[in-house]
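Residue numbers (the working numbering): 595 to 977.
Below is one structure, written out as structure tokens; the observations come after it.
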């Protein structure tokens with residue numbers, strides 16, 4: 595590795611993220627001792643940290659979306675309850691005015707005493723009793739409606755407070771991701787074409803070695819290339835393949851750009867199956883399956899904290915939105931450390947006569963490394 599690159603690593607904009615400042619000249623190795631492999635490891639660590647924060651952001655965004663819907667529903671119910679209270683108050687006010695103006699009916703007892711036809715008076719008394727019961731019901735509606743409106747007003751206020759807190763948390767997480775990715779972007783955009791090529795070669799060699807070991811372990815069981823998806827899985831795979839070439843954009847759910855879990859969620863939504871928004875929730879809530887049973891359409895989850903996810907294509911390959919600066923592409927399943935797999939439709943039967951989708955030219959080309967000199971500043975912004 596060139597001395598220029600090595601010197602930059604500990605003097606550039608990503609100093610705090612990639613290097614440790616030594617307390618004296620003998621406490622840490624000099625920057626010239628760093629290798630391409632070490633730099634690649636640092637970059638992968640930074641990306642993993644940023645993706646973890648981005649998925650946390652996505653989870654908060656999903657909660658905020660749900661909270662906004664809850665607040666809107668409470669507002670609608672509160673408006674309806676207040677309208678009901680106004681109607682009940684209007685009815686009660688009319689009864690009071692009638693009583694004050696002397697237009698209210700005589701009591702049943704007075705009508706019975708004064709009536710020439712007692713039986714008719716008794717019949718009228720039932721009518722009066724029903725009228726009195728109606729007035730009592732109006733009063734009950736008024737008091738009950740006021741209590742309901744009060745309860746709903748309190749719930750609406752609490753919902754708004756929760757919404758405000760989630761929005762503040764989301765902004766903090768968004769700013770943190772922006773900062774993390776800006777460090778990576780500045781690092782990579784400062785490297786020469788030769789230096790980027792060296793990193794890409796190191797990355798490709800690392801992925802090829804990991805894939806060879808993974809396939810040799812027979813973790814996928816026998817004849818993985820012959821497995822067929824369910825019909826929904828086939829639809830999800832077809833959708834994901836048609837997104838190849840679209841840019842990664844953190845926080846994006848399509849249709850013009852995706853992050854990793856945004857792609858898998860949208861693919862399965864296109865197949866008619868709603869799944870959670872984030873990779874962590876997909877790992878947590880969907881049915882886990884052994885890798886030896888993996889079939890096209892299943893989701894492959896990566897890293898110990900489930901911070902990345904891809905859609906299994908078959909034959910040891912996945913469709914994924916890799917990272918900022920890259921595009922949706924086909925990658926080896928072992929491009930990242932595999933945590934496990936989940937199946938969105940565990941009850942779906944495998945298709946008969948399955949034909950894998952035709953991949954577009956260059957479906958697996960392009961580096962997962964991320965930003966380079968061609969990447970404009972600010973490209974990480976997903977808002």
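By construction, the Cβ of each residue, glycine as well, lies at the ideal position given by its N, Cα and C atoms.
- Message: Could you compute how far the alpha carbon of residue 673 sits from the alpha carbon of residue 661?
- Response: Here residue 673 refers to the residue found at position 79 of the chain shown. Here residue 661 refers to the residue found at position 67 of the chain shown. Rounded to whole angstroms, residue 673 to residue 661 spans 18 Å at the Cα level.
- Query: With respect to 6 Å, is the separation between the Cβ of residue 861 and the closest non-hydrogen atom of the ligand PLP below this value?
  - Reply: Summarising the ligand content, the structure contains no ligands, and the ligand PLP is consequently not present.
- Message: So, with DSSP's three-state summary, where would you put residue 923?
- Response: Numbered from 1 along the chain shown, position 329 holds the residue referred to as residue 923. DSSP places residue 923 in strand when its eight states are reduced to three.
- Which class does residue 908 belong to by DSSP, given the choice of helix, strand or coil? The residue you call residue 908 lines up with position 314 of the chain shown. Annotated three-state conformation of residue 908 is strand, per DSSP.
- Item | Touching by the beta-carbon criterion (3+ pairs, under 8 Å), the segment 942-954 and the segment 812-829 | Yes, since at least three Cβ pairs between the segment 942-954 and the segment 812-829 fall closer than 8 Å, the two stretches touch.
- Message: Report the CB separation of residue 814 from residue 886 in whole angstroms; it is logged as a contact under 8 Å.
- Response: Indexing the chain shown from 1 puts residue 814 at position 220. Indexing the chain shown from 1 puts residue 886 at position 292. That belief holds up - the Cβ atoms of residue 814 and residue 886 are roughly 6 Å apart, short of 8 Å.
- Which residue from 767, 890, 921, 807 puts its Cα closest to that of residue 906? Residue 906 sits at position 312 when you count from the first residue of the chain shown. Taking each of 767, 890, 921, 807 in turn and checking the Cα distance to residue 906, the smallest one comes out for 890.
- Going by C-alpha distance, which of 741, 909, 934, 933 is nearest residue 821? Sequence index remark: in the chain shown, residue 821 carries index 227 (1-based). It is 909 whose Cα lies nearest to the Cα of residue 821.
- Message: Considering only the alpha carbon of each residue, which of 785, 877, 774 lies closest to residue 648?
- Response: By one-based count along the chain shown, residue 648 stands at place 54. With distances taken between CA atoms, residue 648 lies nearest to 774 out of 785, 877, 774.
- Message: I'd like the list of long-range same chain contacts for residue 700, defined as Cβ closer than 6 Å, with 5 residues on each side in sequence excluded.
- Response: Taking the chain shown and counting its residues from 1, one reaches residue 700 at position 106. Confidence at residue 700 is low in this model, with a pLDDT of 49, below 50, so the placement of that residue should be treated as unreliable; the coordinate-derived value is given next. The beta carbon of residue 700 is closer than 6 Å to none in its chain, skipping five residues each way along the sequence.
- Compare the Cα-Cα distances from residue 747 to each of 675, 880, 811 and report the closest residue. As a first step, residue 747 is located in the chain shown; it is residue number 153 there, counting from the start. Closest by alpha carbon: 675.
- Message: Suppose the cutoff is 7 Å on Cβ atoms and the five residues either side in sequence are ignored; what does the same chain contact list for residue 804 look like?
- Response: In the chain shown, the residue the question calls residue 804 occupies position 210. The beta carbon of residue 804 lies closer than 7 Å to those of 928 in the same chain, with the five residues before and after it left out.
- Query: What is the C-beta distance between residue 844 and residue 918, in whole angstroms, given that I count them as a contact (C-beta under 8 Å)?
  - Reply: Working through the chain shown from its first residue, we reach residue 844 at position 250. Working through the chain shown from its first residue, we reach residue 918 at position 324. Their Cβ separation, rounded to whole angstroms, is 6 Å, which keeps residue 844 and residue 918 in contact under 8 Å.
- Helix or strand or just coil, what does DSSP make of residue 834? One-based indexing of the chain shown puts residue 834 at position 240. The answer is helix: DSSP assigns residue 834 an H, G or I state.
- Terminal residues of the beta strand (DSSP E) in which residue 933 lies: Along the chain shown, read from residue 1 onward, the residue named residue 933 stands at position 339. Annotation for residue 933: the continuous beta strand (DSSP E) segment containing it runs 932-937.
- Message: Rounding to the nearest angstrom, what Cα-Cα distance links residue 637 and residue 742 in this structure?
- Response: Residue mapping note: residue 637 aligns to position 43 of the chain shown, counting from 1. Residue mapping note: residue 742 aligns to position 148 of the chain shown, counting from 1. When rounded, the distance between both Cα atoms is 56 Å.
- Cβ of residue 903 within 7 Å of Cβ of residue 895? Against the chain shown, residue 903 aligns to sequence position 309. Against the chain shown, residue 895 aligns to sequence position 301. In this structure, residue 895 lies closer than 7 Å to residue 903 by Cβ.
- Just confirm the distance between the C-beta atoms of residue 846 and residue 839, as a whole number of angstroms; I'd bet it's less than 8 Å. Counting from one through the chain shown, the residue named residue 846 turns up at place 252. Counting from one through the chain shown, the residue named residue 839 turns up at place 245. Their Cβ separation, rounded to whole angstroms, is 15 Å, which puts residue 846 and residue 839 out of contact at 8 Å.
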